[in-house]
Every structure is written in structure tokens, then in C-alpha cells.
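Undergrad: Dropping a structure here in C-alpha cells format, bear with me for questions.
2 protein chains.
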Amino acid sequence: MIRGLLSVLLVLVAVAVSSSLAKPEKNIAKRGKRIPQTLSRGWGDQLIWAQTYEEALYWARAQNKPLMVIFHLEDCPHSASMKKVFAEDKDIQKVADEDFIILNLVYETTDKHLSPDGQYVPRIIFVDPSMTVRADITGRYSNRMYAYEPSDIKLLLSNMQKAKKLLKTEL
Amino acid sequence: MIRGLLSVLLVLVAVAVSSSLAKPEKNIAKRGKRIPQTLSRGWGDQLIWAQTYEEALYWARAQNKPLMVIFHLEDCPHSASMKKVFAEDKDIQKVADEDFIILNLVYETTDKHLSPDGQYVPRIIFVDPSMTVRADITGRYSNRMYAYEPSDIKLLLSNMQKAKKLLKTEL
Numbered sequence: 001m002i003r004g005l006l007s008v009l010l011v012l013v014a015v016a017v018s019s020s021l022a023k024p025e026k027n028i029a030k031r032g033k034r035i036p037q038t039l040s041r042g043w044g045d046q047l048i049w050a051q052t053y054e055e056a057l058y059w060a061r062a063q064n065k066p067l068m069v070i071f072h073l074e075d076c077p078h079s080a081s082m083k084k085v086f087a088e089d090k091d092i093q094k095v096a097d098e099d100f101i102i103l104n105l106v107y108e109t110t111d112k113h114l115s116p117d118g119q120y121v122p123r124i125i126f127v128d129p130s131m132t133v134r135a136d137i138t139g140r141y142s143n144r145m146y147a148y149e150p151s152d153i154k155l156l157l158s159n160m161q162k163a164k165k166l167l168k169t170e171l
Numbered sequence: 001m002i003r004g005l006l007s008v009l010l011v012l013v014a015v016a017v018s019s020s021l022a023k024p025e026k027n028i029a030k031r032g033k034r035i036p037q038t039l040s041r042g043w044g045d046q047l048i049w050a051q052t053y054e055e056a057l058y059w060a061r062a063q064n065k066p067l068m069v070i071f072h073l074e075d076c077p078h079s080a081s082m083k084k085v086f087a088e089d090k091d092i093q094k095v096a097d098e099d100f101i102i103l104n105l106v107y108e109t110t111d112k113h114l115s116p117d118g119q120y121v122p123r124i125i126f127v128d129p130s131m132t133v134r135a136d137i138t139g140r141y142s143n144r145m146y147a148y149e150p151s152d153i154k155l156l157l158s159n160m161q162k163a164k165k166l167l168k169t170e171l
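The listed protein sequences correspond, in order, to chains A and B.
Residue numbering for the first sequence follows full-length UniProt numbering, starting at 1 and increasing by one per position.
Residue numbering for the second sequence follows full-length UniProt numbering, starting at 1 and increasing by one per position.
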């Protein structure tokens, strides 16, 4: 029934999912008590995270706030080091909490606008509440324009300030 | 840029989001320490939940397991009573853990196949790993075919058994 979507989806997912991505481990009995999974995944337990892109877009519109989408992988060392700096930076956490709708994803969506120069992690994409992907807000690297390293944390904060200046909405 | 998707999306979201849905409350300072949000949302903290429909479809394919999608709302009393029974039923939890990919959503997706007879909560939709939505696996109510009440928990378990008998894959 959803075969049309499927072919697109599988290509996207195949690209996004590295072989190192941990599989969900099943069977409670074998593993003892599990720690419930959190939506923050360590990027800021005190922040309010959207679960899906659809939900995030809804809140961006409803609250007229820009959306920040963080693509990452649990087993990627670059993602992990970026996450640590992001979670520990008080300015980043404060601005994210007060002025942004935030979403972190370990799977790609089907929306190609969220990968202006390809799918890789970590990458951070801003979306204006007018639903325009801010492809103009980039990091430091010309081959991976939406990638950030821990040493780029001040640039990320400055990009967040840039994203807060909303585009004129035409809606 | 994503204006095309937008109009569809907003209609779906507008339908899905009741006015009673709690807004994410912002400003950490005012509220004290928050409890991190969990992916289970109380439907089984010990289960492994997919975050998004894309992720869930990927795992269904990769593990050749059926997918169970639970649509609910945090402030809906019918959802809440169903959740309680679902989380406390050991058989349901065991089968969900061992034989299913599971996803619970408080926002609709853009895929209309997940709402064969409309969008309402709570509703439970099964998807075969061949990516076919199992519109044939229904509950007891002819006006809301994918709704379940707490007293239908055994029917739900039996429907889960039905979903485990996979369709012949044509892929």
C-alpha cells in the first residue's frame, strides 16, 4: 500500500543508518531492568524535545519560534563529542530552552530539504517558523556545511541568534 | 520551500491536536528540575520504542517483525485508561517486547494509510514488515475500527497474534 513511499524511504534510511548503529536489544528477561529511553538522548535532559518532525513543525508554527534539528548517531564519536559540549554549555541550553523548538533525530526524515548538501552526522539544520529551511545558516566546513565540531560551539550559538531573527512570513 | 507539504501537514496536525493537548512548558528556572521525557510515555518503560515512523519502518523491515503504532493523547482519558491496562498486562508487554516493533505517537504522521477510517485516539494500527498497513486487523467498534477500550485488551492480544502471522512478502 505504501510502496511508493517505500522506495524513497529505504534509500534514505540505507544512507542514514550506518552499520555501527546499535540495534534495539530485545528480551527484558535476559538483560535485567532497562533504563527508559529519553527524548533528549543526552543533548539536554532539561529541555523539552519534540518527538517527530511533524510535531516540531507544528510547535514552530504555533509558538512562532525557529526549529533546530540535530541529526546524530549514538555510536558516532563526532556526534558524542558535540553532544557533550552542547549539553554542558549553559548559554546554548538557555537559548535552546527559551527561544527554540528542538528535535534530535537518529534517523533521517523523508524531507529532502533537511539535507541540503547530503546526509551526514552530526549536522544541525534550522527551520524558520514560516517553514523555510534556513540553508543559509551554515557552519565552518565547505564540504559539510551543516556540521559542527565541539570547537565551533560559539559559532553555533551565533547561528542560533541568527535563526532567532525570523524571516518575514508570507503566510 | 516545503510549502507543498505544509498545507497537507497543517490540516493533519490541526485535526490531530486537540485544544486540550498540553503545550510544552518553557523556562527551566520557573519550574525547577524537569523529569526527562521518555519515549514510552507510560505505555511500557521497559520496552524499546521507535521514535519516528521512519525509524519504525526501518526496524520492521530489518528484523522482519510487524509494527504496532499507537496513536494517543496525553490528556485524553480514553487514551489514559487504555495505556494503564496496556502497561500493566504482562502478556501484552511480553509479546510487544519480543515480537513487535513499537511506536507511540501523540502527533499524526503525513501518511494517510495510518488513518484508514480517520484520525482519532486511541487507535492502534498494525503494519506488516512488507510495509502493508493491516487495515484488516480491527477492534470491536464499527464507527472507529482501530479503537480499543480497556475491556478489549484480550482482543488486542489476539490481534497482535494475528499480526505476527506475516503476509507473504512480495518484495
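All residues carry an ideal CB built from backbone N, CA and C; glycine is no exception.
1. Tell me, which residues are paired with residue 105 of chain A by DSSP?
2. Tell me residue 127 of chain B's beta-bridge partners as DSSP assigns them.
3. Taking the alpha-carbon positions, what's the residue 58 of chain A to residue 61 of chain B distance?
4. Measuring only the C-alpha atoms, how far is residue 112 of chain A from residue 92 of chain B?
5. Pull the bridge partners of residue 38 of chain A from the DSSP assignment, please.
6. Roughly how many angstroms lie between the CA atoms of residue 100 of chain A and residue 135 of chain B, to the nearest whole one?
7. Less than 7 Å separating the beta-carbons of residue 127 of chain A and residue 167 of chain A?
8. Give a yes or no on whether the minimum CB-CB distance between residue 116 of chain A and chain B is below 7 Å.
9. Helix or strand or just coil, what does DSSP make of residue 43 of chain A?
10. In this structure, does DSSP put residue 115 of chain B in helix, strand or coil?
11. Take residue 90 of chain A as the anchor and find which of A/138, A/38, A/46, A/159 has the nearest alpha-carbon.
12. Tell me the rounded alpha-carbon separation between residue 70 of chain B and residue 122 of chain B.
13. Just tell me which of A/63, A/149, A/105, A/161 has its CA closest to the CA of residue 85 of chain A.
14. At least one CB of chain B closer than 7 Å to the CB of residue 138 of chain A: is that the case?
15. Exposed or buried, what is residue 32 of chain A when buried is set at 16 or more other beta-carbons lying within 10 Å of its beta-carbon?
16. For a quick check, are the C-beta atoms of residue 137 of chain A and residue 163 of chain A less than 7 Å apart?
17. Let me know if residue 97 of chain A comes out buried or exposed under the rule of 16 or more other beta-carbons within 10 Å of its beta-carbon.
18. Please tell me whether residue 161 of chain B has its Cβ less than 7 Å away from any Cβ of chain A.
19. Measure the C-alpha to C-alpha separation of residue 131 of chain B and residue 158 of chain A and round it to an integer number of angstroms.
20. On the DSSP letters alone, give me the boundaries of the alpha helix (DSSP H) that residue 82 of chain A sits inside.
21. Taking residue 122 of chain B as the query, report the chain A residues whose CB atoms sit under 7 Å from its CB, ordered along the chain.
22. Could you tell me whether any Cβ in chain B is nearer than 7 Å to the Cβ of residue 172 of chain A?
23. Under 9 Å Cβ-Cβ, which residues of chain B neighbour residue 90 of chain A?
24. Does the distance from the C-beta atom of residue 106 of chain A to that of residue 156 of chain A stay below 7 Å?
25. Cα separation between residue 133 of chain A and residue 142 of chain B?
26. Could you tell me whether the Cβ atoms of residue 53 of chain A and residue 110 of chain A are closer together than 7 Å?
27. Taking its Cβ as the centre, do 16 or more other Cβ atoms sit within 10 Å of residue 79 of chain A, making it buried, or is it exposed?
28. With a threshold of 7 Å between beta-carbons, can residue 119 of chain A be considered close to chain B, or not?
29. From the beta carbon of residue 45 of chain B, is the nearest beta carbon of chain A less than 7 Å away?
30. Check whether the Cβ atoms of residue 42 of chain A and residue 83 of chain A lie closer than 7 Å to each other.
31. Looking at residue 56 of chain B: is its Cβ nearer than 7 Å to the Cβ of residue 114 of chain B?
32. May I ask you to report which of helix, strand or coil DSSP gives residue 13 of chain B?
33. To the nearest whole angstrom, what separates the beta carbons of residue 39 of chain A and residue 37 of chain B, a pair I think is in contact under 8 Å?
34. Can you tell me which residues form a DSSP beta bridge with residue 49 of chain A?
35. Residues in the same chain with beta-carbon distance under 6 Å from residue 160 of chain A, minus the five sequence neighbours each way, listed in chain order, please.
TA: With the structure as the only source:
1. Partner(s): A/71.
2. In DSSP, residue 127 of chain B forms a bridge with B/67, B/133.
3. About 29 Å.
4. Going from the Cα of residue 112 of chain A to the Cα of residue 92 of chain B covers about 37 Å.
5. In the DSSP output, where bridge partners are listed per residue, residue 38 of chain A has B/38.
6. A direct Cα-to-Cα measurement between residue 100 of chain A and residue 135 of chain B gives close to 38 Å.
7. The answer is no: Cβ separation not under 7 Å.
8. By the rule that beta-carbons nearer than 7 Å mark a contact, residue 116 of chain A does not touch chain B.
9. Here residue 43 of chain A carries a coil assignment [DSSP, helix/strand/coil].
10. Coil.
11. Measuring from the Cα of residue 90 of chain A, the nearest candidate turns out to be A/46.
12. Answer to the nearest angstrom: the Cα atoms are 7 Å apart.
13. Ranking A/63, A/149, A/105, A/161 by Cα distance to residue 85 of chain A puts A/149 first.
14. No, residue 138 of chain A lies away from the interface with chain B (no Cβ there is under 7 Å from its Cβ).
15. With fewer than 16 other CB atoms across the displayed protein chains lying within 10 angstroms of its CB, residue 32 of chain A is exposed.
16. Contact annotation: residue 137 of chain A and residue 163 of chain A have beta-carbon atoms nearer than 7 Å.
17. A buried status is given to residue 97 of chain A, since no fewer than 16 other beta-carbon atoms sit within 10 Å of its beta-carbon.
18. It does not; no Cβ of chain A falls within 7 Å.
19. Roughly 43 Å between the two C-alpha positions.
20. 77-88 is the extent of the alpha helix (DSSP H) around residue 82 of chain A.
21. Within chain A, no residue comes near residue 122 of chain B; the closest Cβ sits about 17 Å away, beyond 7 Å.
22. The requested residue 172 of chain A is not part of the displayed model; chain A covers only 1 to 171.
23. The contacting residues do not exist; residue 90 of chain A stays about 11 Å from chain B at best.
24. No; because the gap between Cβ atoms is not below 7 Å, this pair is not in contact.
25. Approximately 42 Å, taken between the alpha carbons.
26. Taking 7 Å as the Cβ cut-off, residue 53 of chain A and residue 110 of chain A do not qualify as a contacting pair.
27. That one is buried.
28. No, residue 119 of chain A does not count as interfacial toward chain B.
29. For residue 45 of chain B, at least one C-beta of chain A is nearer than 7 Å to its own C-beta.
30. Taking 7 Å as the Cβ cut-off, residue 42 of chain A and residue 83 of chain A qualify as a contacting pair.
31. Taking a C-beta distance under 7 Å as the contact criterion, residue 56 of chain B and residue 114 of chain B do not qualify as a contact pair.
32. Here the model assigns residue 13 of chain B a pLDDT of 42, short of 50, so the residue's position is not dependable, and the following value carries that caveat. DSSP places residue 13 of chain B in helix when its eight states are reduced to three.
33. Taking a contact as a CB-CB distance under 8 Å, the pair residue 39 of chain A and residue 37 of chain B counts as one, their CB atoms being some 4 Å apart.
34. Residue 49 of chain A is bridged to A/102.
35. Cβ within range, chain order: 95.
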